[in-house]
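Under UniProt numbering, residue 913 is the last one in the sequence shown; the count climbs by one each step, no gaps. Idealized CB from N, CA, C, for every residue including glycine. The structure appears right after this line, and notes come after that.
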Amino acid sequence: MESLEGDVPDSRRPFLAPHTPLPSGLVLENFDQTIVCPTFGSLENQQDFRTPEFEEFNGKPDSLFFTDGQRRIDFILVYEDESKKENNKKGTNEKQKRKRQAYESNLICHGLQLEATRSVSDDKLVFVKVHAPWEVLCTYAEIMHIKLPLKPNDLKTRSPFGNLNWFTKVLRVNESVIKPEQEFFTAPFEKSRMNDFYILDRDSFFNPATRSRIVYFILSRVKYQVMNNVNKFGINRLVSSGIYKAAFPLHDCRFNYESEDISCPSERYLLFREWAHPRSIYKKQPLDLIRKYYGEKIGIYFAWLGYYTQMLLLAAVVGVACFLYGYLDQDNCTWSKEVCDPDIGGQILMCPQCDRLCPFWRLNITCESSKKLCIFDSFGTLIFAVFMGVWVTLFLEFWKRRQAELEYEWDTVELQQEEQARPEYEAQCNHVVINEITQEEERIPFTACGKCIRVTLCASAVFFWILLIIASVIGIIVYRLSVFIVFSTTLPKNPNGTDPIQKYLTPQMATSITASIISFIIIMILNTIYEKVAIMITNFELPRTQTDYENSLTMKMFLFQFVNYYSSCFYIAFFKGKFVGYPGDPVYLLGKYRNEECDPGGCLLELTTQLTIIMGGKAIWNNIQEVLLPWVMNLIGRYKRVSGSETITPRWEQDYHLQPMGKLGLFYEYLEMIIQFGFVTLFVASFPLAPLLALVNNILEIRVDAWKLTTQFRRMVPEKAQDIGAWQPIMQGIAILAVVTNAMIIAFTSDMIPRLVYYWSFSIPPYGEHTYYTMDGYINNTLSVFNITDFKNTDKENPYIGLGNYTLCRYRDFRNPPGHPQEYKHNIYYWHVIAAKLAFIIVMEHIIYSVKFFISYAIPDVSKSTKSKIKREKYLTQKLLHESHLKDLTKNMGLIAERIGGTVDNSVRPKLE
Numbered sequence: 001m002e003s004l005e006g007d008v009p010d011s012r013r014p015f016l017a018p019h020t021p022l023p024s025g026l027v028l029e030n031f032d033q034t035i036v037c038p039t040f041g042s043l044e045n046q047q048d049f050r051t052p053e054f055e056e057f058n059g060k061p062d063s064l065f066f067t068d069g070q071r072r073i074d075f076i077l078v079y080e081d082e083s084k085k086e087n088n089k090k091g092t093n094e095k096q097k098r099k100r101q102a103y104e105s106n107l108i109c110h111g112l113q114l115e116a117t118r119s120v121s122d123d124k125l126v127f128v129k130v131h132a133p134w135e136v137l138c139t140y141a142e143i144m145h146i147k148l149p150l151k152p153n154d155l156k157t158r159s160p161f162g163n164l165n166w167f168t169k170v171l172r173v174n175e176s177v178i179k180p181e182q183e184f185f186t187a188p189f190e191k192s193r194m195n196d197f198y199i200l201d202r203d204s205f206f207n208p209a210t211r212s213r214i215v216y217f218i219l220s221r222v223k224y225q226v227m228n229n230v231n232k233f234g235i236n237r238l239v240s241s242g243i244y245k246a247a248f249p250l251h252d253c254r255f256n257y258e259s260e261d262i263s264c265p266s267e268r269y270l271l272f273r274e275w276a277h278p279r280s281i282y283k284k285q286p287l288d289l290i291r292k293y294y295g296e297k298i299g300i301y302f303a304w305l306g307y308y309t310q311m312l313l314l315a316a317v318v319g320v321a322c323f324l325y326g327y328l329d330q331d332n333c334t335w336s337k338e339v340c341d342p343d344i345g346g347q348i349l350m351c352p353q354c355d356r357l358c359p360f361w362r363l364n365i366t367c368e369s370s371k372k373l374c375i376f377d378s379f380g381t382l383i384f385a386v387f388m389g390v391w392v393t394l395f396l397e398f399w400k401r402r403q404a405e406l407e408y409e410w411d412t413v414e415l416q417q418e419e420q421a422r423p424e425y426e427a428q429c430n431h432v433v434i435n436e437i438t439q440e441e442e443r444i445p446f447t448a449c450g451k452c453i454r455v456t457l458c459a460s461a462v463f464f465w466i467l468l469i470i471a472s473v474i475g476i477i478v479y480r481l482s483v484f485i486v487f488s489t490t491l492p493k494n495p496n497g498t499d500p501i502q503k504y505l506t507p508q509m510a511t512s513i514t515a516s517i518i519s520f521i522i523i524m525i526l527n528t529i530y531e532k533v534a535i536m537i538t539n540f541e542l543p544r545t546q547t548d549y550e551n552s553l554t555m556k557m558f559l560f561q562f563v564n565y566y567s568s569c570f571y572i573a574f575f576k577g578k579f580v581g582y583p584g585d586p587v588y589l590l591g592k593y594r595n596e597e598c599d600p601g602g603c604l605l606e607l608t609t610q611l612t613i614i615m616g617g618k619a620i621w622n623n624i625q626e627v628l629l630p631w632v633m634n635l636i637g638r639y640k641r642v643s644g645s646e647t648i649t650p651r652w653e654q655d656y657h658l659q660p661m662g663k664l665g666l667f668y669e670y671l672e673m674i675i676q677f678g679f680v681t682l683f684v685a686s687f688p689l690a691p692l693l694a695l696v697n698n699i700l701e702i703r704v705d706a707w708k709l710t711t712q713f714r715r716m717v718p719e720k721a722q723d724i725g726a727w728q729p730i731m732q733g734i735a736i737l738a739v740v741t742n743a744m745i746i747a748f749t750s751d752m753i754p755r756l757v758y759y760w761s762f763s764i765p766p767y768g769e770h771t772y773y774t775m776d777g778y779i780n781n782t783l784s785v786f787n788i789t790d791f792k793n794t795d796k797e798n799p800y801i802g803l804g805n806y807t808l809c810r811y812r813d814f815r816n817p818p819g820h821p822q823e824y825k826h827n828i829y830y831w832h833v834i835a836a837k838l839a840f841i842i843v844m845e846h847i848i849y850s851v852k853f854f855i856s857y858a859i860p861d862v863s864k865s866t867k868s869k870i871k872r873e874k875y876l877t878q879k880l881l882h883e884s885h886l887k888d889l890t891k892n893m894g895l896i897a898e899r900i901g902g903t904v905d906n907s908v909r910p911k912l913e
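Written out as structure tokens, the structure is:
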């Protein structure tokens with residue numbers, strides 16, 4: 001795809017000369033203008049290229065250095081020798097070879113040092129080792145505004161656990177194995193102030209992660225071809241076009257053994273032992289080492305996931321308590337007893353739920369489902385829904401504080417000043433405009449009109465796919481309506497307590513389970529297709545920075561996933577059984593299928609079933625995919641290699657045979673967790689065990705992701721990140737929506753409000769016959785009566801004639817009976833229930849929103865101690881740089897004064913003589 005790395009006229013390329021010390025505020029301009037390098041142009045004009053030296057493997061499998069043992073390997077490029085390729089496309093191979101040679105020659109011209117080594121197992125593969133010398137590192141550290149140490153940090157940090165350190169020591173990482181990192185005051189690097197920085201050793205001043213970042217920055221911006229005054233550049237495009245097979249930084253050792261090199265810290269081995277190994281599942285994560293080895297972007301993900309998992313522990317405990325309350329209290333569930341009672345539920349004849357094929361049925365066949373419903377539709381559910389509305393606010397507010405602490409500890413407080421434009425964006429900067437602030441010319445990829453066209457096309461594509469999901473949901477609804485008829489005619493119709501099929505698998509339950517499974521399969525298929533479509537749309541949109549790119553892709557993917565995963569749940573919770581009419585005048589979908597009805601106890605149990613299948617199935621599928629897929633791929637790769645069993649394999653070749661992580665990194669892990677967060681919060685009123693399932697899944701997810709990164713995947717290019725990006729506002733939006741959805745689930749999906757209205761108003765006079773408040777007679781009061789001869793639709797035949805010798809049947813609604821002056825109109829009970837439901841929603845929402853607002857106001861995003869540390873460090877850093885600058889100025893002024901004095905003396909002395 002041409003948009004992966006760009007083409008742009010040579011004269012318009014916004015880049016910066018790599019060896020020219022420039023102020024840190026400048027953008028990357030004139031990258032290639034100060035160094036004249038050979039470039040692969042037209043095929044007729046072949047030029048001499050500077051090529052890397054070929055060296056034999058020195059037999060040291062853990063070596064991270066060139067053959068001389070001095071220059072550290074910062075990056076690996078892998079290609080297949082064009083002269084040994086199996087295909088016969090000689091012309092194509094020659095073109096690829098010359099592009100690669102031009103690229104490598106330009107890398108050498110820009111200061112990088114290269115060394116090539118052939119594979120020990122496959123003679124066709126060549127590994128190019130890349131090393132960045134000190135001067136190159138310093139130049140690009142200034143260009144990229146990388147913060148580096150000034151002096152050791154003498155600010156003391158106090159443990160948040162205080163006197164509980166003896167208890168938390170068991171949960172912490174062993175500090176004798178993973179030693180705490182030394183803290184430093186830092187500042188953006190400047191070559192002109194190099195003496196101010198804490199440089200004890202040039203080889204260790206830039207750690208391996210920073211070195212890889214700098215080298216990747218160069219690799220992404222060096223050109224390899226000029227055609228018609230247009231540059232083609234970047235390692236990503238070379239890899240995607242097959243000129244290189246891979247490009248990656250090295251792991252520092254094998255994951256299961258320490259390096260034989262004494263100078264190697266074996267951080268990969270430590271991470272596997274203390275983080276990814278199953279025996280460390282109860283321990284805290286070594287976040288500082290994760291950040292040091294993989295970069296801040298990976299570190300912030302695991303910090304967020306770990307914090308989310310910790311907070312889920314509280315939600316899981318309360319959820320289990322509410323579940324146990326419902327389970328233990330189900331024996332006191334009067335309305336369920338009435339459903340199961342042969343003299344009550346067994347005598348109530350229910351109307352058919354579909355035309356012609358569905359029979360009349362007795363209410364007591366829903367006995368088992370009514371018992372299960374008592375567990376979830378209890379008073380504990382209301383308490384838990386209110387609690388989760390507060391919990392999600394506490395989680396988000398405390399995470400902001402934790403995130404602020406990490407920003408300080410990991411030096412990302414002012415990260416936004418560092419981020420550069422993506423190479424793909426820079427490649428398309430063909431239009432010149434005047435900057436409104438600086439009044440200087442700058443280049444942008446498209447005009448305002450072009451941007452509007454792109455945004456319109458992207459929005460239309462996203463909207464089309466959302467409509468496609470809605471169409472699939474309608475298809476599932478049609479399936480429910482049609483298959484319900486089949487189950488109604490095939491499943492047993494007479495109650496038999498000894499038959500497990502009849503006891504548990506009612507037509508409603510069978511329809512719900514099969515529809516949920518089919519819905520889950522459709523969801524996974526649409527996910528696979530849309531992921532590729534979303535990436536294509538975002539590439540076309542062309543965001544400027546990597547953060548903008550990921551945020552744009554995040555919003556598109558989440559919007560799609562939101563509709564994809566939650567649409568069926570929203571249908572069951574808020575639409576199913578709400579627009580069915582009544583047996584005398586039913587509502588038809590597409591003019592053919594009667595709309596679905598809920599069980600006599602409501603649709604809450606079906607919503608619980610849907611959530612369990614989708615949430616559980618998704619967790620199982622994702623974990624299997626994350627564990628098995630890379631493991632199987634690596635296993636197949638090992639079997640395909642034909643190297644002898646005793647061959648010593650170098651570090652770079654071992655890493656090459658691991659799986660590539662992918663351009664989006666941990667994007668899909670974030671997406672998976674946010675979708676889970678939605679299930680835990682949006683529909684938790686119907687499934688209080690959701691936080692427990694999420695907790696168990698996340699404990700495994702942390703270790704699975706850690707195992708996957710350390711053992712199955714190549715090392716990712718370390719990247720900076722200040723926060724979790726667009727996922728934060730998405731979670732805040734979910735938290736606000738969760739209050740509404742849970743209030744509406746309790747009001748409209750569960751039967752709690754109708755039961756409360758009956759208990760307090762309709763069980764006693766003037767509406768009831770009891771002399772005390774009771775739930776006795778609730779079922780009879782909530783089922784209306786229908787005369788089967790009162791079918792009003794003249795376009796259809798009466799579907800109830802011929803199904804049995806019955807005249808009256810019951811249905812779930814609050815309507816007047818036949819013979820009433822307003823027969824089949826909603827009765828007074830219905831209006832009381834509607835008023836109570838609306839009042840409940842308003843009161844619950846206002847209470848929870850008020851508590852949420854108070855909590856958000858009371859808990860600052862940045863703690864007082866963190867603010868003080870940030871201000872203190874900024875003050876000390878400025879003081880240090882200022883004092884150093886004064887010393888240099890004083891020293892220079894003294895030298896100038898001495899020179900002036902010497903000049904005066906020399907000019908005066910002859911006159912005295």
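Open item on the list: Using the three-state DSSP reduction, which class does Thr139 fall into: helix, strand or coil?
Closed with: On the sequence shown, residue 139 is found 139 positions in, with the first residue counted as 1. Looking at Thr139 - three-state DSSP - the assignment turns out to be helix.
TODO: From the DSSP output, read off the bridge partner residues of Thr186.
DONE: Numbered from its first residue, the sequence shown carries residue 186 at position 186. In the DSSP output, where bridge partners are listed per residue, Thr186 has Pro149.
TODO: Drop a sphere of 10 angstroms on the beta-carbon of Gln610, count the other beta-carbons inside from all chains shown, and report buried for 16 or more, exposed for fewer.
DONE: Here residue 610 is taken as the residue at index 610 of the sequence shown, counted from 1. With 16 or more other Cβ atoms within 10 Å, it is buried.
Task: Separation of Thr447 from Asn539, as counted between CA atoms - done: Residue numbering aside, residue 539 sits at position 539 when the sequence shown is read from its first letter. Residue numbering aside, residue 447 sits at position 447 when the sequence shown is read from its first letter. Using only the alpha carbons, I get a separation of about 17 angstroms.
Open item on the list: In whole angstroms, give me the CA-to-CA distance for Ile900 and Thr890.
Closed with: In the sequence shown, residue 900 corresponds to position 900, counting from 1. In the sequence shown, residue 890 corresponds to position 890, counting from 1. Near 15 angstroms, if we compare the C-alpha coordinates of Thr890 and Ile900.
Task: Cβ neighbour criterion (16 or more within 10 Å) applied to Ala839 - done: Here residue 839 is taken as the residue at index 839 of the sequence shown, counted from 1. Ala839 is exposed by the Cβ-count criterion.
TODO: Can you check DSSP and say which residues form a bridge with His431?
DONE: Start at 1 with the first residue of the sequence shown, and residue 431 comes out as number 431. Answer by DSSP bridge pairing, in chain order: Ile444.
Task: Gln225, buried or exposed, once every other Cβ within 10 Å from all chains shown has been counted against 16 - done: The residue given as residue 225 occupies position 225 in the sequence shown. Looking at its Cβ environment, which holds 16 or more other Cβ atoms inside 10 Å, Gln225 is buried.
- [ ] Identify which residue in Ala510, Lys663, Phe570 has its Cα closest to the Cα of Val239.
- [x] As a first step, residue 239 is located in the sequence shown; it is residue number 239 there, counting from the start. The option with the nearest alpha carbon to Val239 is Lys663.
Open item on the list: Let me check understanding here. Comparing Cα to Cα, which of Leu886, Glu883, Thr877 lies closest to Asp154?
Closed with: Numbered from 1 along the sequence shown, position 154 holds the residue referred to as residue 154. When the alpha-carbon of Asp154 is set against those of Leu886, Glu883, Thr877, the nearest one is in Thr877.
Open item on the list: Tell me whether the region 118-137 and the region 652-670 touch, counting them as touching only if at least three CB pairs, one residue from each stretch, are closer than 8 angstroms.
Closed with: yes
Open item on the list: Can you find the residues in the same chain that come closer than 6 angstroms, C-beta to C-beta, to Ile348, ignoring five residues on each side of it along the sequence?
Closed with: Here the question's residue 348 lines up with position 348 in the sequence shown. Only Leu363, Arg810 meet the Cβ criterion.
Open item on the list: For Val627 and Ile517, what's the separation of their Cα atoms in angstroms?
Closed with: Working through the sequence shown from its first residue, we reach residue 627 at position 627. Working through the sequence shown from its first residue, we reach residue 517 at position 517. Using only the alpha carbons, I get a separation of about 23 angstroms.
TODO: Taking only the alpha-carbon atoms, compute the straight-line gap between Ser750 and Pro860 and give it to the nearest angstrom.
DONE: As a position in the sequence shown, residue 750 is number 750, starting the count at 1. As a position in the sequence shown, residue 860 is number 860, starting the count at 1. Counting only the Cα atoms, Pro860 lies some 37 angstroms from Ser750.
TODO: Whole angstroms is fine: what's the gap from Pro23's alpha carbon to Glu142's?
DONE: Against the sequence shown, residue 23 aligns to sequence position 23. Against the sequence shown, residue 142 aligns to sequence position 142. Unreliable positioning characterises Pro23 in this predicted model, as indicated by a pLDDT of 34, which lies under 50. The coordinate reading is nonetheless provided below. Cα atoms of Pro23 and Glu142: separation of roughly 8 angstroms, rounded to the nearest angstrom.
Task: Through-space distance from Ser212 to Val462, alpha-carbon basis - done: Along the sequence shown, one-based indexing puts residue 462 at 462. Along the sequence shown, one-based indexing puts residue 212 at 212. Val462 and Ser212: Cα-Cα distance of roughly 36 angstroms.
Open item on the list: Taking DSSP's pairing of strands, which residues face Ile76 in a bridge?
Closed with: Here residue 76 refers to the residue found at position 76 of the sequence shown. DSSP, once it has assigned bridges, lists Lys129, Phe248 as partnering Ile76.
Open item on the list: Once DSSP output is grouped into helix, strand and coil, what is the label at Leu590?
Closed with: As a working mapping, residue 590 is identified with position 590 in the sequence shown. Of the three classes helix, strand and coil, the one that applies to Leu590 here is coil, per DSSP.
Task: 7 angstroms CB neighbourhood of Asp795 in its chain, flanking five on each side removed - done: Along the sequence shown, one-based indexing puts residue 795 at 795. Closer than 7 angstroms at the Cβ level, and outside the excluded window around Asp795, lies no residue.
Task: Cutoff 6 angstroms; reference Gly581; Cβ partners in own chain excluding five residues on either side - done: For the purposes of this step, residue 581 is identified with residue 581 of the sequence shown, where counting begins at 1. So the list reads Val587, once near-sequence residues are dropped.
Task: Beta-ladder partner(s) of Ser784, from DSSP - done: Taking the sequence shown and counting its residues from 1, the one referred to as residue 784 is at position 784. Ser784 is bridged to Tyr811.
Open item on the list: Closest to Ile734 by C-alpha separation, out of Pro718, Ile779, Phe679, Asp723, would be which residue?
Closed with: Taking the sequence shown and counting its residues from 1, the one referred to as residue 734 is at position 734. Nearest C-alpha to Ile734: Phe679.
TODO: Please list, in chain order, all residues of the same chain as Gly389 whose beta carbon is under 6 angstroms from its beta carbon, the five residues on each side excluded.
DONE: Start at 1 with the first residue of the sequence shown, and residue 389 comes out as number 389. Hits under 6 angstroms: Val739, Ile848.
Open item on the list: Restricting to Cα atoms, I'd like to know which of Tyr198, Arg118, Lys297, Ala247 is closest to Pro660.
Closed with: Taking the first residue of the sequence shown as position 1, residue 660 is located at position 660. Taking the Cα of Pro660 as reference, the smallest distance to any Cα among Tyr198, Arg118, Lys297, Ala247 is reached at Ala247.
Task: Identity of the residues DSSP links to Thr366 by a beta bridge - done: Working through the sequence shown from its first residue, we reach residue 366 at position 366. According to DSSP, Thr366 bridges with nothing at all.
Task: Buried or exposed (CB count within 10 angstroms, at least 16 for buried), Gln676 - done: Mapped onto the sequence shown, residue 676 falls at position 676. Buried: at least 16 other Cβ atoms inside 10 Å.
Open item on the list: Going by C-alpha to C-alpha distance, which of Leu695, Thr456, Glu135, Arg443 sits closest to Arg544?
Closed with: In the sequence shown, counting from the first residue as 1, residue 544 sits at position 544. Closest by alpha carbon: Arg443.
Task: C-beta contact flag for Thr771 and Ile788 at 8 angstroms - done: Numbered from 1 along the sequence shown, position 771 holds the residue referred to as residue 771. Numbered from 1 along the sequence shown, position 788 holds the residue referred to as residue 788. The answer is no: Cβ separation not under 8 angstroms.
- [ ] Evaluate the contact criterion for the region 557-567 versus the region 466-473: three or more CB pairs, one atom per stretch, below 8 angstroms.
- [x] The region 557-567 makes contact with the region 466-473, as at least three CB pairs between them are under 8 angstroms.
Open item on the list: Rounded to whole angstroms, what is the Cα-Cα separation between Ile523 and Leu671?
Closed with: In the sequence shown, the residue the question calls residue 523 occupies position 523. In the sequence shown, the residue the question calls residue 671 occupies position 671. Rounded to the nearest angstrom, the two C-alpha atoms are 14 angstroms apart.
Task: Identified DSSP bridge partners for residue 955 - done: For the chain, the structure presents residues 1 to 913; residue 955 sits outside this window and is missing.
Open item on the list: Given the structure, does Leu542 come close to the ligand ATP, in the sense that its CB is under 7 angstroms from one of the ligand's heavy atoms?
Closed with: The ligand ATP is absent from the structure shown, which contains no ligands of any kind.
Open item on the list: Helix, strand or coil, according to DSSP, for Trp410 in the structure here?
Closed with: On the sequence shown, position 410 is the one that residue 410 refers to. Looking at Trp410 - three-state DSSP - the assignment turns out to be coil, as it is neither helix nor strand.
Open item on the list: For the region 471-485 against the region 566-584, do three or more pairs of beta-carbon atoms, one drawn from each stretch, fall closer than 8 angstroms, so that the two count as touching?
Closed with: yes
- [ ] Determine which residues share a DSSP beta bridge with Asp599 and list them.
- [x] Your numbering for residue 599 matches position 599 in the sequence shown. In the DSSP secondary-structure assignment, Asp599 is bridged to Gly602.
Open item on the list: With three or more C-beta pairs closer than 8 angstroms as the rule, is the region 791-805 touching the region 354-362?
Closed with: yes
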